[in-house]
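Remarks on the structure that follows.
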Amino acid sequence: MTGLSRPVELVCPAGTPAALRAAVDAGADSVYLGFRDETNARNFPGLNFSRDELATGLAYAHERGTKVFVAINTFPRAGAPELWHKAVDDAARLKVDAVIMADLGLCDYTARHHPELRLHLSVQASASSAEAIRFYHEAFGIRRAILPRVLMVPEIADLSARVPVEMEVFIFGGLCVMAEGRCSLSSYATGKSPNMNGACSPASHVRYTEKGDKVVSQLGEFTINTFGAGEPAGYPTLCKGRFEANGRLSYLFEEPTSLNTLSILPQLIAAGVTSFKIEGRQRGRAYVTNVVKAFRLAVDAISRGETPPDIDLDGITEGGRQTSGAYERSWQ
Amino acid sequence: MSNPRTERSRPVDPPFSPILLAGMALGPVPPRFLQPLFDAILAVVRRRHPDILDRLTAYPDAVIGIDPVDLPFVLLLEPKPDRPRLTVYRDFADLPVTAVIRGPLAMLIALGEGRLDGDAVFFSRQLVIEGDTEVIVALRNAVDGAGIDMEADFAATVGPLARPLLQAARVGGWLFRRLADDMALVRQALVGPALKSADAQAARLNELEGEIVTLRRSLRQREQRT
Amino acid sequence: MNGSIPSPRNGKLTIGPVLFNWKPEVWRDFYFRLADEAPVETVHLGEVVCSKRRPFFAPHLAEVTERLSAAGKEVVLSSLALVMSERERDAMRALAADAGDRLVEANDLAIAADLAGRPHVIGPFVNVYNEGTLAYLAGRGAWRICLPAELPATTLAVLAAQALAEIEVQAFGRLPLALSARCYHARSHNLHKDGCQYVCGRDPDGMPVDTMDGKPFLTVNGTQTMSCRYVNLLGELAGLRGMGIDRFRLWPQDCDMVAVARLFRDTLDGRLDAPEASARLADLMPGTEFANGYVHGREGHAFVAEGLGLS
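Which chain is which? The protein sequence lines are V, U and E, in order.
Under our numbering, the residue at position 33 of the first sequence is numbered 33, and the numbers go up by one with no gaps.
For our numbering, count along the second sequence from 1 and bump the result up by 332.
For our numbering, count along the third sequence from 1 and bump the result up by 558.
Now the structure itself:
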């Protein structure tokens, strides 16, 4: 393996100012975050940034050479786009390094009102083809696309030859099984939509009930899973539940598992990916520190032309299991 | 929204640790004697980490039960913005809790300091939550986001005495960890064999349960066909 | 562009593309019967869910299109909802290029560039949630927009009031809820997508997905996940018409779709009242559960009996 001519950017999650400092200190090249409202897709209770916290976080990050991206990646509510417009205006005013968005109307607003603001296409836009990515580039000048987690490595390589923008992929964390931004499973069960309200399988509709030595997890009226004594539990994200189909009880959509691409990072780089994104704005500081440190080591090793070290991240993954997801054909 | 079951129907098994022994020693102490300690802790939180309560303003009526399973008392956190309270009780009996979080004290403290990942300990079943999940998630995020450092908070609170006290605490911490490790070893030796046979029985029970579900299902399918 | 159809004044009906993997002759006969008997203005053709299915019905496409056109139906060609591979991208380009003067429905932005500047339809798999997106797409030639399933009536009203494109609302059938790169039909049979043996064809109305405690929940259709319950907006038609929504989509299910279309037509035309039409709909498909929660701002699976309060 040879060393890299261009560095790969490590883009890390921050749900709170403390997590932002943890990510910066652990070696993040960039940090992404959201405002404390429904303008971003991790609108979880007690999470995210006020305007003041963003200003402070920006200063902390910029002093240490780390960039800050703001995700404004839900779909504005009809009749009330002001909250989303204000989020864009404030991000621009505070001089963030980029905004991440998915909605066509909001991209249009940003391109017209803040032509100098760097636009990244959110994974929530589910732009899975060169044609779709080019569309956003030509229409709104997006500079980077975060690829949906439905593509295989050869498809990513093929894309990179055809799109005039940087390509970012998720390398670790909670894995969406469905095409992102085009999934209404959560709203079907709970009435709360990830696209509109910013949270999938929201905690407000989650119940854990202890039954004997079992734990039953429910989302709205629906049982999502049951865990026996000692069995690793999971959050009742709808697509990672156990269901009965075709006469069989199974994890029909996906096992409670985390994406981990540590073993295929070099292939992703060879495919033309220029930034690696870690999922988990809703996870704590301990998670951010551990994961960012691990991937900092890995990326640095690869850029020196070495094989990335085998790092054990079992302890912080859901269900204690990991997958390289759709990046490999066997997943489909 | 229904209240969670608050009786200790299936508490997390307390680990055999120095805290458990200390808890036994505390057993006869009425909770009200401990209350001043928790009033002081809440005062420090309000002064040094106002953002915790700030992030909980959406839940002014929440009553969060905190159950350190290795201690003989429980805590009630009411994050009312103007008048937050942290009250110690013997148990949750008849208390109107909206959500409960249970786990060994050392783990709860590690969570508070952000040294442990909440999702991870929950996934591994060392932590149990019941009731309004949203409130618990909000609390977790608020506490994690505050960047609590107990040593620094302690130092800021006790002022000039901080240095010697901290040093003593560090030695104490080292002793504590030694003791905890030794006790884990003793526990393993004492209860290991019993646990093994209990595990085998549990596995057999699970197997039987699975067979019953299958039988029920095929019965239902047969009924549908006829 | 419309044929001479009775009662357009009272609202129009669209039959969406068949989302399931039906046997080619069943697929053909379904459309033949629609052409001959269904009181609908518009019929969609094309594979939306899985590009591997298209070769099966493709030989019948020309005769079906001809029969529908001859019967005065507007034919719309629907595109794939999740475009990934080179083969799929080429197919989409060809679809746009070969459509001639027929309308094409874009279900992924991959085909949007090819349709820019000419009249086209935006399908329910493209995220149109607000007036900004609506205006942007209308400005590029979107002429009709079928909105995503999860939008509440408050949003539908705002979008209809823009009067920039014809608004279509999903009013009958299993709701498309999610798409994936992974095939759950194949997975449930322990098969890989590449060697799927087209097991989705065994379930002409989708594969039921129940919770662990036996509660019907979802439906799998290959790489697509749908609702278990059929949406039924018969009770909301009047309220939606009052907001200026004139077009309703009926998704083809494995049932008498001509009878379904007649119930919607008769309700729109005032020959049947909504409760009576809903009762007859339930008689047509015993055991089927219905939902209308989304339009009421509730869980998608919920059923609200009251109809739409127009406040």
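Quick reminder that beta carbons are idealized off the backbone N, C-alpha and C, glycines included.
Predicted model only: the values in this text are computed from it and were never measured.
Residue i at chain V interface by Cβ criterion, 7 Å
{"i": "residue 444/U", "result": "no"}
{"i": "residue 560/E", "result": "Residue placement at residue 560/E is poorly supported in this model, since its pLDDT is 39, which falls under 50; the coordinates are not used for a value here."}
{"i": "residue 374/U", "result": "no"}
{"i": "residue 736/E", "result": "yes"}
{"i": "residue 655/E", "result": "no"}
{"i": "residue 448/U", "result": "yes"}
{"i": "residue 563/E", "result": "Its pLDDT being 43, under 50, residue 563/E is placed unreliably by the model, and the measurement read from it follows with that caveat. No, its Cβ sits nowhere closer than 7 Å to a Cβ of chain V."}
{"i": "residue 451/U", "result": "yes"}
Between the CA atoms of residue j and residue i - distance to the nearest angstrom
{"i": "residue 723/E", "j": "residue 709/E", "result": "17 Å"}
{"i": "residue 333/U", "j": "residue 395/U", "result": "With a pLDDT of 37 at residue 333/U, under the threshold of 50, the predicted position of this residue should be treated as unreliable, and no value is reported."}
{"i": "residue 604/E", "j": "residue 777/E", "result": "21 Å"}
{"i": "residue 278/V", "j": "residue 469/U", "result": "21 Å"}
{"i": "residue 660/E", "j": "residue 249/V", "result": "45 Å"}
{"i": "residue 202/V", "j": "residue 282/V", "result": "12 Å"}
{"i": "residue 689/E", "j": "residue 702/E", "result": "14 Å"}
{"i": "residue 580/E", "j": "residue 300/V", "result": "52 Å"}
{"i": "residue 260/V", "j": "residue 79/V", "result": "40 Å"}
{"i": "residue 350/U", "j": "residue 364/U", "result": "23 Å"}
{"i": "residue 807/E", "j": "residue 572/E", "result": "5 Å"}
{"i": "residue 289/V", "j": "residue 176/V", "result": "23 Å"}
{"i": "residue 560/E", "j": "residue 631/E", "result": "Its pLDDT being 39, under 50, residue 560/E is placed unreliably by the model, and the measurement read from it follows with that caveat. Rounded to the nearest angstrom, the two C-alpha atoms are 8 Å apart."}
{"i": "residue 223/V", "j": "residue 108/V", "result": "41 Å"}
{"i": "residue 164/V", "j": "residue 158/V", "result": "13 Å"}
Proximity test, Cβ basis, 7 Å: residue i and chain U
{"i": "residue 285/V", "result": "yes"}
{"i": "residue 177/V", "result": "no"}
{"i": "residue 47/V", "result": "yes"}
Residue burial classification, residue i (beta-carbon count within 10 angstroms, cutoff 16)
{"i": "residue 871/E", "result": "With chain E running from 559 to 869 in the structure shown, residue 871/E is simply not present."}
{"i": "residue 38/V", "result": "buried"}
{"i": "residue 570/E", "result": "buried"}
{"i": "residue 217/V", "result": "buried"}
{"i": "residue 483/U", "result": "exposed"}
{"i": "residue 76/V", "result": "buried"}
{"i": "residue 417/U", "result": "exposed"}
{"i": "residue 532/U", "result": "exposed"}
{"i": "residue 624/E", "result": "exposed"}
{"i": "residue 162/V", "result": "exposed"}
Listed by chain order, chain U residues near residue i by CB distance under 7 Å
{"i": "residue 44/V", "result": "469, 473"}
{"i": "residue 17/V", "result": "477"}
{"i": "residue 204/V", "result": "466"}
{"i": "residue 207/V", "result": "465"}
Under 9 Å by beta carbon: chain V residues contacting residue i
{"i": "residue 457/U", "result": "215, 227, 229, 230, 231, 232, 233"}
{"i": "residue 770/E", "result": "216, 223, 224, 225, 226, 241, 242, 243, 244, 249"}
{"i": "residue 861/E", "result": "Neighbours of residue 861/E on chain V: none; closest Cβ ~13 Å, over 9 Å."}
{"i": "residue 380/U", "result": "Ordered by position in chain V, no residue passes the 9 Å Cβ test against residue 380/U, which lies about 13 Å from the chain."}
{"i": "residue 484/U", "result": "Result: empty, since nearest Cβ-Cβ is about 13 Å, beyond 9 Å."}
Residue-level contact to chain E via CB, residue i, 7 Å cutoff
{"i": "residue 212/V", "result": "no"}
{"i": "residue 186/V", "result": "no"}
{"i": "residue 30/V", "result": "no"}
{"i": "residue 182/V", "result": "yes"}
{"i": "residue 191/V", "result": "yes"}
Beta-carbon neighbours of residue i, restricted to chain V and to distances below 7 Å
{"i": "residue 397/U", "result": "In chain order: nothing, as chain V lies at least about 14 Å away."}
Residue i beta carbon near the ligand COA (any heavy atom closer than 6 Å)
{"i": "residue 860/E", "result": "In the structure on display, the ligand COA does not appear, and there are no ligands present to speak of."}
Partner residues on chain V for residue i, Cβ-Cβ distance less than 8 Å
{"i": "residue 690/E", "result": "76, 81, 103, 104, 105, 106, 108, 109"}
{"i": "residue 322/U", "result": "The structure shown does not extend to residue 322/U, since chain U spans only 333 to 558, so no value can be given for it."}
Chain U residues whose Cβ lies nearer than 9 Å to that of residue i
{"i": "residue 112/V", "result": "Near residue 112/V there are no residues of chain U at all, since even the closest Cβ is about 34 Å away, more than 9 Å."}
Within chain A, partners of residue i - CB distance below 7 Å
{"i": "residue 296/V", "result": "Protein chains V, U and E are contained in the structure displayed, whereas chain A is not."}
Neighbour list for residue i in chain E, Cβ cutoff strictly below 8 Å
{"i": "residue 332/V", "result": "739, 740, 741, 750, 751, 752"}
{"i": "residue 172/V", "result": "In chain order: nothing, as chain E lies at least about 19 Å away."}
{"i": "residue 196/V", "result": "687, 708"}
Exercise for the section: Could you pull out every unbroken alpha helix (DSSP H) segment of at least 4 residues lying fully inside the segment 169-233 of chain V, listed in chain order? Expected result: Complete alpha helix (DSSP H) runs here, min 4: 185-190, 194-197.
Handout entry: Entirely enclosed beta strand (DSSP E) segments - the segment 104-150 of chain V, minimum 3 residues
Key = Here the runs fully enclosed are 119-121, 144-146.
Practice task
Any chance you could list the alpha helix (DSSP H) runs of at least 4 consecutive residues sitting entirely within the segment 32-88 of chain V, in chain order?
Solution key: You should have 51-63.
Exercise for the section: Note down, one range per segment and in chain order, each alpha helix (DSSP H) of at least 4 residues found wholly within the segment 780-844 of chain E. Expected result: Fully contained in the segment 780-844 of chain E are the following alpha helix (DSSP H) runs of length 4 or more, in chain order: 795-800, 815-827, 832-842.
Handout entry: Secondary structure, alpha helix (DSSP H): runs of 4+ residues fully inside the segment 384-456 of chain U
Key = Fully enclosed alpha helix (DSSP H) runs of 4 or longer: 437-444, 450-455.
Problem - Those runs of the alpha helix (DSSP H) which lie wholly inside the segment 631-697 of chain E and span at least 4 residues - result: With a minimum length of 4 residues, the continuous alpha helix (DSSP H) runs that stay inside the segment 631-697 of chain E are 644-656, 670-673, 689-697.
Exercise for the section: Ignoring anything shorter than 4 residues or poking outside the segment 586-631 of chain E, list the alpha helix (DSSP H) runs there in chain order. Expected result: For the segment 586-631 of chain E, whole alpha helix (DSSP H) runs of length 4 or above, ordered along the chain, are 612-628.
Practice task
Note down, one range per segment and in chain order, each alpha helix (DSSP H) of at least 4 residues found wholly within the segment 689-743 of chain E.
Solution key: Here the runs fully enclosed are 689-697, 711-720.
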